[in-house]
Amino acid sequence: MEILPTEALPERLRAALAGAAQGPVQAVAEEALGRGARPFLVGGSVRDLLLGLRAPVDLDIVLEGDAPPVAAALAQRYGWGLTEHRRFRTAVLRAGPLRLDLTSARRERYPRPGALPLVETPAGLEADLFRRDFTVNAMALSLSPESFGHLHDPYGGRSDLAAGLLRVLHDRSFEDDATRLWRACRYAGRLGLRLERRTARLARRDAGFVMSVGPDRVRHDLERVLREECPEKALALAHRCGLLAQVHPALLWDRWLSRRYAAARRLCAVATPSAGGNLPDVYWCLWLYRLRAPQIVGVLTALKLAGRRAALLEAIPALRVTVARLAPGARPSAVARRLDPFEPVLLQAACLAAGPGPRRRLLERYLTELRPLRPLLRGNDLTALGLPAGPALSQALAALRAARLDKRVKTREDEVALVRRLLRAGRPGPPKEEHA
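When the letters of the sequence shown are read in order and numbered with my numbering, they come out as residues 213 to 648.
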């Protein structure tokens with residue numbers, strides 16, 4: 213993997229911090245040095261600078277000293293937003309769009325798997341870097357004027373990055389914090405890295421700790437995976453390491469899903485609002501689309517998924533039955549009555565799951581043509597024609613939509629004539645449902 217030479221880092225760092233970040237970072241460095249605390253840029257920002265990626269918006273700065281007093285002084289002086297976490301000796305500054313995470317250099321010790329770490333301060337930079345997840349994130353760049361941009365790399369992160377390797381710093385890393393397992397999958401997928409041999413072995417060994425951090429954090433980690441540009445790479449690695457089966461035995465990953473995730477991105481890039489387009493929701497629906505109802509409930513329970521998304525996923529079995537019963541030659545109004553109760557994003561997943569064929573074409577037509585179609589007349593028009601407010605009004609609107617779908621009316625005048633006929637017949641609703 214091509215990375216910047218170390219001698220180019222000072223200039224690259226200055227360029228990355230030019231603009232909105234320059235003043236705040238310089239202010240942090242000056243305030244810290246004035247209090248005898250050496251400042252360093254650490255973590256993913258350093259990694260991304262070496263890779264020549266875009267300038268970071270969120271900056272992690274470690275001080276060999278006490279971070280909260282530095283942050284408090286700057287917040288008071290410049291009116292920046294401040295959030296302190298005194299237990300961990302950290303603080304977050306918000307200077308306009310820029311977020312600065314200030315951390316006191318520290319050691320961490322985990323009393324048990326999944327527990328929050330016990331923090332020991334003060335500590336030096338090397339000890340602080342050792343608590344990181346992977347060597348490629350355990351590098352630091354000096355922010356002191358006399359050594360600005362100097363790379364501190366005690367654990368070989370730069371050489372691992374050049375070799376395309378993701379390596380943990382010690383054998384208990386995943387056991388201490390199982391969220392690192394998901395991070396390994398995300399970084400591998402996003403940056404094109406592969407797990408170093410020992411790290412891969414540890415990931416498989418420690419997959420059983422995945423749920424030790426609790427369902428909320430696991431759900432959050434999965435959401436982050438699904439927000440990746442190509443989440444199928446991360447999910448394939450998670451499957452190979454045994455992480456998905458630890459969440460629920462029915463969760464799997466295969467080529468069928470990989471192909472449909474790629475197709476989902478192409479569809480969502482051009483989808484209209486009525487046709488879905490919420491990519492993480494489509495991913496979730498596809499992921500669970502082939503599961504039986506009890507398995508879906510099991511996944512939702514394991515992850516404590518609730519609310520709208522849970523309702524969306526619980527509707528999958530009913531939609532599968534509905535799609536299987538769709539007759540390609542059915543009237544458009546009958547198709548709409550069958551599919552209207554389901555959310556567009558779920559129907560989009562059904563399109564992708566169906567594969568080429570008449571049912572997929574019918575679903576696509578419904579999403580792009582039938583679902584958005586509405587009568588030209590509105591509720592106030594029907595009231596003016598003599599329809600009372602209430603259920604009759606809704607029934608008449610449904611009848612008008614059915615007529616438009618089946619091309620029995622085309623103009624506003626056609627709709628007015630239909631409403632008058634329905635009023636004379638005393639039947640404002642649509643005709644009896646035809647099987648779709």
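Glycine included, each C-beta is placed from N, C-alpha and C at the ideal position.
Considering only DSSP beta bridges, list what aspartate 270 is partnered with. Working through the sequence shown from its first residue, we reach residue 270 at position 58. Its beta-bridge partners are Arg311.
Can you tell me which of Arg633, Ala637, Ser545 puts its alpha carbon nearest to the alpha carbon of lysine 619? One-based indexing of the sequence shown puts residue 619 at position 407. Of Arg633, Ala637, Ser545, the residue nearest in Cα terms is Ser545.
Would you say the segment 218–228 touches the segment 279–297, given that touching needs at least three Cβ pairs under 8 Å? no
For alanine 475 and glycine 401, I'd like the C-alpha separation in whole angstroms. Reading the sequence shown from its first residue, position 263 is the one you call residue 475. Reading the sequence shown from its first residue, position 189 is the one you call residue 401. Rounded to whole angstroms, alanine 475 to glycine 401 spans 18 Å at the Cα level.
Report yes if the CB atom of proline 529 is closer than 9 Å to the CB atom of arginine 549, and no otherwise. Your numbering for residue 529 matches position 317 in the sequence shown. Your numbering for residue 549 matches position 337 in the sequence shown. Going by C-beta atoms, proline 529 is not nearer than 9 Å to arginine 549.
If we count Cβ pairs, one from each stretch, closer than 8 Å, do we get three or more for the segment 430–442 versus the segment 376–383? no
Burial state of valine 533, where buried means 16 or more other Cβ atoms lie within 10 Å: Here the question's residue 533 lines up with position 321 in the sequence shown. Per the 10 Å Cβ criterion, exposed.
Within 9 Å, strictly: CB atoms of leucine 524 and leucine 558: Your numbering for residue 524 matches position 312 in the sequence shown. Your numbering for residue 558 matches position 346 in the sequence shown. Yes, the pair counts as a contact, with Cβ atoms nearer than the cut-off.
What three-state label does DSSP hand glycine 248 in the structure shown? Reading the sequence shown from its first residue, position 36 is the one you call residue 248. Coil.
For the beta strand (DSSP E) that arginine 321 lies in, which residues bound it at each end? If you number the sequence shown from 1, residue 321 lands on position 109. Taken as a continuous stretch (DSSP letters only), the beta strand (DSSP E) holding arginine 321 covers 319–321.
Apart from the five residues on each side of it in sequence, which residues of its chain come closer than 8 Å, Cβ to Cβ, to glycine 598? The residue given as residue 598 occupies position 386 in the sequence shown. Excluding positions up to five away in sequence, the list reads Leu635.
Report buried or exposed for leucine 229, applying the criterion of at least 16 other Cβ atoms within 10 angstroms of its Cβ. By one-based count along the sequence shown, residue 229 stands at place 17. Flag for leucine 229 reads buried.
From proline 236 to alanine 244, what distance separates their C-alpha atoms? For the purposes of this step, residue 236 is taken as residue 24 along the sequence shown, with counting starting at 1. For the purposes of this step, residue 244 is taken as residue 32 along the sequence shown, with counting starting at 1. Taking the straight line from one Cα to the other gives about 12 Å.
Determine the closest residue to arginine 392 out of Arg436, Leu355, Arg590, Val621, with distance taken between C-alpha atoms. On the sequence shown, residue 392 is found 180 positions in, with the first residue counted as 1. When only C-alpha atoms are compared, the closest one is Arg436.
Is the beta carbon of alanine 275 sitting closer than 9 Å to the one on leucine 305? Locating residue 275 in the sequence shown gives position 63, where the first residue counts as 1. Locating residue 305 in the sequence shown gives position 93, where the first residue counts as 1. This sequence places leucine at residue 275; alanine is not what is there. Cβ atoms of leucine 275 and leucine 305: not closer than 9 Å.
At 4 residues or longer, what runs of the alpha helix (DSSP H) sit wholly inside the segment 451–516? 455–459, 467–482, 491–500, 505–515
For alanine 352, the first and last residue of its enclosing beta strand (DSSP E): For the purposes of this step, residue 352 is identified with residue 140 of the sequence shown, where counting begins at 1. It spans 352–354 - the beta strand (DSSP E) in which alanine 352 sits, taken as one unbroken run.
Just curious, the beta strand (DSSP E) that histidine 297 is in, first and last residue? What you label residue 297 is simply residue 85 of the sequence shown in a count that begins at 1. Taken as a continuous stretch (DSSP letters only), the beta strand (DSSP E) holding histidine 297 covers 293–297.
Coil, strand or helix - phenylalanine 300 by DSSP: Stepping through the sequence shown from its first residue, residue 300 is reached at position 88. Note: phenylalanine 300 maps to helix in three-state DSSP.
Helix, strand or coil for valine 254, going by three-state DSSP, please let me know. To locate residue 254, count along the sequence shown from 1; it is residue 42. The answer is strand: DSSP assigns valine 254 an E or B state.
Using C-beta distances below 6 Å, list every residue in its chain close to cysteine 453, excluding the 5 sequence neighbours before and after it, in chain order. If you number the sequence shown from 1, residue 453 lands on position 241. Contacts found: Ala415, Arg416, Ala419.
Enclosing alpha helix (DSSP H) for leucine 330 [first to last residue]: Counting from 1 along the sequence shown, the entry for residue 330 is found at position 118. Run containing leucine 330: none in the alpha helix (DSSP H); it sits in the beta strand (DSSP E), 330–332.
Just to check my reading of the structure: proline 587 and leucine 609 have Cβ atoms closer than 8 Å, yes? What is that Cβ distance to the nearest angstrom? Here residue 587 refers to the residue found at position 375 of the sequence shown. Here residue 609 refers to the residue found at position 397 of the sequence shown. Sure, about 6 Å apart at Cβ, within 8 Å.
Presumed contact (8 Å Cβ cut-off) between serine 424 and glycine 326, rounded CB distance: Counting from 1 along the sequence shown, the entry for residue 424 is found at position 212. Counting from 1 along the sequence shown, the entry for residue 326 is found at position 114. Between glycine 326 and serine 424 the Cβ distance is about 3 Å, and since that is below 8 Å, they are a contact.
Using a Cβ-Cβ cut-off of 8 Å (strictly less than) and excluding sequence neighbours within five positions of glycine 277, which residues of its own chain qualify? Here residue 277 corresponds to residue number 65 of the sequence shown, with the count starting at 1. Cβ within range, chain order: Ala244, Arg247, Gly248, Ala249, Arg250, Ser316, Ala317, Pro334.
Could you tell me which residues DSSP pairs with histidine 364 in its beta bridges? Taking the sequence shown and counting its residues from 1, the one referred to as residue 364 is at position 152. Histidine 364 pairs with Ala352.
According to DSSP, is arginine 344 helix, strand or coil? In the sequence shown, residue 344 corresponds to position 132, counting from 1. Looking at arginine 344 - three-state DSSP - the assignment turns out to be coil, as it is neither helix nor strand.
For lysine 445, is the classification buried or exposed, using 16 other Cβ atoms within 10 angstroms of its Cβ as the cut-off for buried? If you number the sequence shown from 1, residue 445 lands on position 233. Lysine 445 should be labelled buried.
Near leucine 574, what residues of its chain come up, given a Cβ to Cβ distance below 7 Å and the 5 sequence neighbours on each side ignored? In the sequence shown, counting from the first residue as 1, residue 574 sits at position 362. So the list reads Leu538, Pro540, Val547, once near-sequence residues are dropped.
Close-in-space but distant-in-sequence residues of the same chain around glycine 408 (CB under 6 Å, 5 per side omitted): Here residue 408 refers to the residue found at position 196 of the sequence shown. Strictly speaking, residue 408 in this sequence is glutamate, with glycine absent from that position. The answer, listed in chain order, is Leu377, Arg379.
Rounded C-alpha distance that separates glutamate 338 from proline 366: For the purposes of this step, residue 338 is identified with residue 126 of the sequence shown, where counting begins at 1. For the purposes of this step, residue 366 is identified with residue 154 of the sequence shown, where counting begins at 1. One C-alpha to the other measures close to 7 Å.
Exposed or buried, leucine 265, counting other C-beta atoms within 10 Å across all chains shown (16 or more means buried)? In the sequence shown, residue 265 corresponds to position 53, counting from 1. Under this definition leucine 265 is an exposed residue.
Determine the direct distance from the alpha carbon of threonine 302 to that of leucine 314, and round the result to whole angstroms. In the sequence shown, counting from the first residue as 1, residue 314 sits at position 102. In the sequence shown, counting from the first residue as 1, residue 302 sits at position 90. If you take the alpha carbons of leucine 314 and threonine 302, they lie about 6 Å apart.
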